[in-house]
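Participant: Once you've had a glance at the structure underneath, I'll fire off some questions.
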Amino acid sequence: MKYIHEYDLNLLVIFSLLFETRSVTQTAERAGVTQSAISHALSRMRTQFGDPLFIKSSNGMVPTVKSEQLYESVQLPLKQLQVAVNPEIQFDPQKSQRTFVLAMSDYVETLLLPRLVNYLAEHSRQTTIRCTRINDFELEKTGSDVDLIIGRFEKAPENFRKKLLWREDMVTIVSKNHPRVISNRIGLQQFVNEEHVLISPKGSGVSLVDAILSEKGLKRRVKVYSHYFMSPTRIVAETELIATIPRKIAELASREVAIKCLKPPIEIPAIDVSMLWGPVVHYDPAHQWLRNLINEILNAG
18 MKYIHEYDLN LLVIFSLLFE TRSVTQTAER AGVTQSAISH ALSRMRTQFG DPLFIKSSNG
78 MVPTVKSEQL YESVQLPLKQ LQVAVNPEIQ FDPQKSQRTF VLAMSDYVET LLLPRLVNYL
138 AEHSRQTTIR CTRINDFELE KTGSDVDLII GRFEKAPENF RKKLLWREDM VTIVSKNHPR
198 VISNRIGLQQ FVNEEHVLIS PKGSGVSLVD AILSEKGLKR RVKVYSHYFM SPTRIVAETE
258 LIATIPRKIA ELASREVAIK CLKPPIEIPA IDVSMLWGPV VHYDPAHQWL RNLINEILNA
318 G
């Protein structure tokens, strides 16, 4: 067993930068030292931990399994230590060159990004947003690979923070030129008889609508399964298919395509859209700024 005083803890800061940038050059720039100093530090870390930690590749420095485990272990303590020794530390959005990684569906992207980008253009021009799909990773990776996950969650890891952003009901959309749905309402039997587009961002093909219909001894016919929210609105506008989607995205799409929004003939619970983040980034001033900003933007309408 080795004791903590036997390790050079300053190396953990270098390790953290290497893990985040996957680049000796970028790590040297952020640390304010030479590339040779970073290479020397990496050599010492490999000796201390008995592992290569990073493997060179055409895509940069690829972390080993040991490196992944070490990063998950040290990130929260390093963030907390940074706050403890620099209680006055402030995040300046006007000077920040931070890239935030947000995981969300095209539904959330469509509602959030235009307003977020407009705000950044005026108040934080060098901040960058990188989006990834909500099902492209495991939740536990949030805080290292991803800053925020925004979406609908039935459950999340216990150590994650969660904040409700908005709640909305579901509507059924049909083409304004639909030959059979002429009025502004649709009955249960007609709802079942029509062919549907089912939206399943996670690709499971499982729908609350089908579960509710099953309880009534009914089953609809799904003609198209889609990962996305926006493309089905155009499919519905140009065909005789119908779909049941969140109201906000339906009303937004109705400005551009010929669809109308109807009340579903079954009671569908409202959906909660929340943001999740892990303990690693909870105390990060930049991350706190981003969370507050997103909340303010969405609450402003």
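My numbering applies: residue 18 is where the sequence shown begins, and numbers increase by one.
From the three backbone atoms N, C-alpha and C, an ideal C-beta is built for every residue, glycine too.
Everything numeric in this text was worked out from a predicted model, so none of it was measured.
(1) Could you round the C-beta distance between proline 302 and phenylalanine 108 to whole angstroms and report it? I think they count as a contact, below 8 Å.
(2) Bridge partners for isoleucine 166 per DSSP, in chain order?
(3) Are the Cβ atoms of glutamate 185 and valine 198 separated by less than 9 Å?
(4) Whole angstroms are fine: how far does the CA of valine 223 sit from the CA of arginine 169?
(5) Secondary structure at lysine 172, three-state DSSP: helix, strand or coil?
(6) Check whether the region 118 to 137 and the region 78 to 95 touch, using three or more Cβ-Cβ pairs below 8 Å as the test.
(7) Could you check where the alpha helix (DSSP H) with lysine 265 kicks off and where it finishes?
(8) Taking the beta strand (DSSP E) that threonine 44 belongs to, which residues open and close that run?
(9) What residues in its chain sit with their C-beta under 7 Å from that of alanine 270, if we drop five residues either side in the sequence?
(10) So aspartate 123 packs on tyrosine 245, CB below 8 Å; how close in whole Å?
(11) Name the DSSP bridge partner or partners of threonine 261?
(12) With 16 other CB atoms within 10 Å as the buried threshold, where does glycine 295 fall?
(13) What's the gap between the Cα of phenylalanine 66 and the Cα of leucine 28?
(14) Do glycine 77 and threonine 51 come within 9 Å of each other at the CB atom, strictly closer than that value?
(15) Just to confirm, are serine 56 and valine 41 a CB contact at a threshold of 9 Å?
(16) Tell me the DSSP secondary structure of histidine 57 in three-state form.
(17) Quick one: what's got a C-beta closer than 8 Å to aspartate 25's C-beta in the same chain, skipping five residues either side?
(18) Taking 8 Å as the cut-off, is the beta-carbon of aspartate 68 closer than that to any non-hydrogen atom of the ligand GDP?
(19) Near alanine 58, what residues of its chain come up, given a Cβ to Cβ distance below 6 Å and the 5 sequence neighbours on each side ignored?
(20) On a Cα-Cα basis, can you pick out the residue from Thr145, Ala260, Val274 and Pro174 that is closest to histidine 213?
(21) Going by C-alpha to C-alpha distance, which of Pro218, Val209 and Ile252 sits closest to serine 231?
(22) Pick out the complete beta strand (DSSP E) segments inside the region 194 to 254, 3 residues or longer, and give them in chain order.
(23) Kindly indicate the opening and closing residues of the beta strand (DSSP E) around valine 79.
(24) Would you kindly report the start and end of the unbroken alpha helix (DSSP H) that includes isoleucine 311?
(25) Anyone know if the C-beta pair for phenylalanine 117 and isoleucine 146 falls short of 9 Å?
(26) Is it buried or exposed, histidine 304, if we count other Cβ atoms within 10 angstroms and call 16 or more buried?
Facilitator: Taking the structure as given:
(1) 4 Å
(2) Ala120 and Leu293
(3) no
(4) 14 Å
(5) coil
(6) no
(7) 264 to 270
(8) Threonine 44 -> not in any beta strand (DSSP E); alpha helix (DSSP H) instead, spanning 41 to 48.
(9) Met247, Thr250 and Ile276
(10) 5 Å
(11) Thr189
(12) buried
(13) 11 Å
(14) no
(15) yes
(16) helix
(17) Arg61 and Gln65
(18) This structure lacks the ligand GDP, and indeed carries no ligand of any kind.
(19) Leu28 and Ile31
(20) Ala260
(21) Val209
(22) 212 to 216 and 238 to 243
(23) 77 to 80
(24) 302 to 316
(25) yes
(26) buried
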